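First the structure, in the form of structure tokens, and then the observations on it.
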Amino acid sequence: MKKIIALMVGIILLSVGFSGCINQAGEGNQKKSDLLVIGIADDPFGFFPWITSYDVGTMGLNFNIFNPLVEFDNSFKLFPKLAKSWNNPDNCTWRFFLRDDVKFHNGYDFTANDVKYTIDSIKDNKSHVLRDLLTEIKEVHIINNYTVDIETYEPVPILLNKLTGIPIASQKYQQETTEKWPIGTGAYKLDEYVPSDHITLVRFDGYSMGHPVIKKVIFKVIKDTEERKNALITREIDILESIPPMYVDEISNSSGLAVKKVSNPTVWYLGFDVRENNSNGFPGAKNPLSDVRVRKAMYHAIDVDSLIKKIFFSLAEPASQLLSPLIFGYNPEIKRLPYDLNLSRHLLREAGYENGFNLTLDCPKEYPTQIEISEEIVRQLSQILSIHLNLITAEEYYAKLYSRNCSIYFIGWIPATGDGGEIFDYLLRSENDPLGIGSYNLGYYSNRTVDNVTQEITHTMNQKTRMSLMWEGFKVAMDDVACIPLYNNVCNIGVVDYIVWSPRSDLSTLVEEISVK
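Sequential numbering from 0 applies to the sequence shown in numbering that gives the first Met the number 0.
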């Protein structure tokens with residue numbers, strides 16, 4: 000779930016400026032490519048295979064060091080990486096034909112043994128943060144040094160999508176060392192790590208899957224948002240990702256800088272604890288949020304256009320469901336419920352809550368933007384009920400959230416698999432349903448129709464059929480107001496004019512994709 004936290008964190012690419020003139024232009028470009036410094040708000044949650052979080056920042060940094068079998072491009076299309084091709088001998092088998100020219104950073108050859116070792120190691124570790132991606136795998140069979148079969152218990156149509164999140168480690172290296180130093184096949188290798196200060200990567204000259212331009216990159220921890228913005232303004236950095244809306248105009252109006260806008264698939268929403276009884280927020284009483292009329296009344300009381308204009312300076316897009324239009328499975332026929340306070344009050348009266356009820360929205364106090372948004376949500380909902388904002392530490396907030404004890408909660412979700420089926424598996428499946436565990440269903444939402452549709456989505460190989468099922472499932476869930484979708488992010492990225500880079504919608508920064516002019 001910390002991948003959701005990471006969406007609040009801006010990543011910044013920094014560079015040391017060098018002078019150059021006339022026939023020194025080529026030399027100047029060479030110097031610009033010698034070093035980039037990437038400013039990050041905090042340390043990554045470890046290096047693979049010892050990572051403790053599946054968040055965007057941690058995984059993005061690690062995928063500069065490691066490679067998966069297959070990758071997404073910046074529009075969520077799959078393409079080969081360590082696997083050069085694949086096929087399906089049957090619906091429960093994926094055969095991968097591996098590259099035979101790949102080396103690990105220490106010179107070891109990459110083979111099928113490393114694929115089997117990595118997958119088995121994660122599967123066998125019940126506490127590994129990537130294990131959820133591999134639970135449907137029954138066995139990995141080595142056919143030869145460069146061919147491997149992955150056998151699943153049942154058909155898994157998005158196994159390729161899930162494998163994009165699995166870095167491949169060296170079996171030989173991992174078994175012979177006790178040192179927690181990552182050795183991968185990626186375009187960059189770890190050179191130095193000083194916790195709470197910086198991570199230094201250097202280009203891997205033995206990299207066989209491309210020709211990275213940047214020679215050295217430093218991920219520098221800079222916690223203060225304004226300091227990061229000022230670093231771009233003063234040309235201490237080259238790229239600033241996730242610019243807070245209040246800084247967009249200042250950067251746009253600065254000579255030599257520009258702001259690129261890129262939609263990303265994060266959907267921010269309000270979730271509910273829908274338990275009728277035993278709800279933490281309503282002990283010993285019926286939970287009003289268990290009534291769909293109450294949830295619908297709250298939906299009608301949210302003026303999302305006003306929120307986007309006030310908080311994001313109109314630099315976000317209203318959401319109608321738990322999935323962005325960028326992701327496979329989005330249902331364009333679903334529309335947002337309109338802002339209508341009269342209808343909202345009517346629904347509350349109909350449900351027996353004419354005078355409203357008391358409600359608490361918890362919020363981590365470390366995140367200013369999340370506080371600002373939460374304050375606006377509270378202001379709007381206070382027109383129909385008594386609601387207050389409870390600021391607590393992030394540690395307290397996420398402990399309460401993961402314990403499923405928040406009456407309502409405001410979070411964002413980015414589907415790392417690039418497929419809407421993830422939303423059903425993680426967010427909408429009944430938490431205790433025999434069909435699935437709904438591991439991030441944090442409010443005990445349960446709908447038998449949604450559960451049954453989820454089961455079909457999860458194991459149907461035909462993509463047209465899966466699309467129809469997802470359309471049906473999202474329609475049922477939104478009619479039931481499983482949540483209140485709020486907005487999709489639009490990322491604003493500040494760049495210095497000599498950087499050549501197309502930012503990725505998945506928010507990851509792969510340095511091999513960056514060059515200079």
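The C-beta atom is built at its ideal place from N, Cα and C for all residues, glycine as well.
These numbers come from a predicted model, not from an experiment.
For N160, the enclosing alpha helix (DSSP H) stretches over residues L158 to L162. Three or more Cβ pairs closer than 8 Å define a contact, and the region 156–169 meets that threshold against the region 410–425.
Between V247 and V258 the beta-carbon gap is near 6 Å, inside 8 Å, which marks them as a contact. Taking a 10 Å sphere around the C-beta of V452, we find 16 or more other C-beta atoms and assign the residue as buried. Looking at the backbone, the Cα of W500 and that of L256 are separated by about 14 Å. Here P484 is bridged, per DSSP, to Y268. Under the Cβ criterion (8 Å, minimum of three pairs), the region 279–297 does not count as touching the region 451–465.
A contact is defined here as three or more CB-CB pairs under 8 Å, and the region 57–66 meets this definition with respect to the region 166–173. According to the DSSP secondary-structure assignment, K260 is paired through a beta bridge with N491. Nearest neighbour of I492 by Cα position, chosen from N90, N263 and T359, turns out to be N263. Residue burial annotation: V495 is buried, with at least 16 other C-beta atoms found within 10 angstroms of its C-beta. Sixteen is the threshold: since fewer than 16 other Cβ atoms of the shown chains lie within 10 Å of the Cβ of R447, the residue is exposed. Here the region 459–475 does not lie against the region 299–314, with fewer than 3 beta-carbon pairs under 8 Å apart. In the DSSP assignment, W85 forms a beta bridge with F95.
Here K30 carries a helix assignment [DSSP, helix/strand/coil]. Between L384 and S373, the C-beta gap is not smaller than 9 Å, which leaves the two residues out of contact. Taking a C-beta distance under 9 Å as the contact criterion, I407 and L269 qualify as a contact pair. The three-state secondary structure of S514, taken from DSSP, is strand.
A distance of 9 Å or more separates the beta carbons of S402 and V212. According to the DSSP assignment, S305 belongs to the alpha helix (DSSP H) that extends over V303 to F311. For G411, the beta-bridge partners assigned by DSSP are W267. Between D89 and N229, the alpha-carbon positions lie close to 56 Å from each other. At the C-beta level, A315 and Q379 stay beyond 9 Å of one another.
Take V139, set aside five residues on each side of it, and the residues of its chain with a beta-carbon closer than 8 Å to its own are V114, K115, I118, D119, V147, D148, I149 and E150, in chain order. Per DSSP, the unbroken beta strand (DSSP E) holding K215 starts and ends at K215 to V220. Separation of L325 and E175 (C-alpha to C-alpha, rounded to the nearest whole angstrom) is 43 Å. When beta bridges are read from the DSSP output, T224 appears opposite no residue. Taking the Cα of R98 as reference, the smallest distance to any Cα among D190, S207 and K125 is reached at S207. Annotation for N357: no alpha helix (DSSP H) segment contains it, though the beta strand (DSSP E) segment containing it runs N357 to P363. The alpha-carbon separation between I141 and N112 amounts to approximately 7 Å. At a Cβ-Cβ threshold of 9 Å, I217 and L34 count as neighbours.
According to the DSSP assignment, P367 belongs to the alpha helix (DSSP H) that extends over P367 to L380. Selection P331, R335 and H104 evaluated against E471 yields P331 as nearest (Cα-Cα).
Secondary structure note for Y187: its beta strand (DSSP E) is the uninterrupted segment Y187 to V193. By the 16-neighbour rule on beta-carbons within 10 angstroms, H210 is exposed.
Sequence-distant Cβ neighbours of K222 in its own chain, meaning closer than 8 Å and more than five residues away, are A40 and D41.
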